[in-house]
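Trainee:
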Amino acid sequence: LGLVRRWASSWSPLVTVHSVVPGEPLPPSVVDLMKDAGLCASRDCLQTENVRRVDSGRLAMQINQTRQQLRERISPAQLGLGEDCTASQCQRLLARLARPWALLRATRQFRRHVTTGKSKVCAGFAGMHYCISGKEFAQPESARVYSRDEFDRLFAFRHTLDPTQRLDVRQTQVGFAVDEWEVLDQSATGFRLMRSTAGRRIAPEQLLSICPHDGSAHLLAQVMWLMQEQGGGLIAGISALPGKPQAVAARPLAREAAHSEPYSRAFMLPAVPAMASEQSLVIPQGWFHSGRLLEVYVDGVWRVRLDRLLGDGPDFARVSFSVT
């Protein structure tokens, strides 16, 4: 929040306010000088003589130029962004601010239509993996790492089991909380949801799983924007990731077999040719490096090479891959 205030103060001179020329079409958002409020929808302004349009073109150019300079490895301090933030943090925050600060509306590939119903939403890799797979996550037996409690139980009662049979470890099914959101409208790839009661905290660009009101399976989706209402309700714009997700297990490939890490929760998305979307993996944030090798356990062990970053958020990365 401190960074946002600092940048807003520094760049505010780039935004100018102009009178509306008679007969000129109004932009979607304007300033009404007779209202003690910020930007408002131009369709709600009946008297246009007190309306002013806002020109944010220079600000949009500044944000785009700054993001490009960050990609060229110019430090945030050199760009006047501050010394208390990393380049990746600045890049992510600027990407989040670019559209609302430039007063740009998101382009939609599919038209939305009004609908009603309740959708179930879950956050966090553990909960999403459970909702999509329908079962608790467990290490594949080839890489099973037992807890001390499981080891003690197996050691104490091993003599009561058939030694020729595979040892089964009791797993406690854990339920993960889901929040109910009201669906305001939806399209083929997105939803506008509202939550009027307290629920789990969510953030812009976060990964979620959503079970639509007219569906029975969870999809992966990303929070595109959030808006707090005066009454305390929360409205969210959600974009579904293409394809039906499959819950899998993945881990970075170790150089030495003795140093293999435990598997972590991950997801696989199929190719969707109609949307020009290739097969991809959804992995925890921080895992992606182009060319990195992973082991992915589906029905067996796959060895894959990570190729390109297709999208990301604060808690995930969606990447293309090739099987080696």
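Per the numbering used here: the sequence shown = residues 1 to 324. Every residue gets a Cβ at the ideal spot worked out from N, C-alpha and C, and that includes glycine. Remember, predicted model here, so these are calculated numbers, not experimental data.
Run through DSSP, which three-state label would T66 get?
Mentor: T66: helix per DSSP, three-state reduction.
Trainee: Any idea which residues DSSP pairs L207 with across the strands?
Mentor: According to DSSP, which records beta bridges pairwise, L207 is partnered with Q222.
Trainee: Can you tell me the Cα-Cα spacing of A138 and S119, whole angstroms?
Mentor: Straight-line Cα distance between these residues: approximately 27 Å.
Trainee: Rounded to a whole number of angstroms, what is the C-alpha to C-alpha distance between M128 and H18?
Mentor: Those two C-alpha atoms are separated by around 48 Å.
Trainee: In chain order, which alpha helix (DSSP H) runs of at least 4 residues are fully inside the segment 1-57?
Mentor: Qualifying alpha helix (DSSP H) stretches, in chain order: 2-11.
Trainee: For Y297, write down the residues that DSSP places opposite it in a beta bridge.
Mentor: In the DSSP output, where bridge partners are listed per residue, Y297 has A249, V301.
Trainee: Have a look at G232 and Q206 and give me their C-alpha separation to the nearest angstrom.
Mentor: Using only the alpha carbons, I get a separation of about 21 Å.
Trainee: Note down the Cα distance separating L184 from G237, rounded to an integer number of angstroms.
Mentor: So the alpha carbons of these two residues sit roughly 10 Å apart.
Trainee: According to the neighbour-count rule (16 or more other Cβ atoms, all chains shown, within 10 Å of its Cβ), is E295 buried or exposed?
Mentor: Answer is buried; the Cβ neighbour count reaches 16.
Trainee: What did DSSP end up calling H129 once you bin it into helix, strand or coil?
Mentor: Three-state result, H129: helix.
Trainee: Indicate whether the contact test is met: 3 or more Cβ pairs, each with one atom in the segment 208-218 and one in the segment 233-252, closer than 8 Å.
Mentor: As far as the Cβ criterion goes, the segment 208-218 touches the segment 233-252, which means the pair count is three or higher.
Trainee: With 16 other CB atoms within 10 Å as the buried threshold, where does R113 fall?
Mentor: According to the sequence displayed, residue 113 carries His and not Arg. H113 is exposed by the Cβ-count criterion.
Trainee: Is the beta carbon of L293 closer than 9 Å to that of L306?
Mentor: Contact: yes.
Trainee: Express the C-alpha separation of Q222 and R73 in angstroms, rounding to a whole number.
Mentor: One C-alpha to the other measures close to 28 Å.
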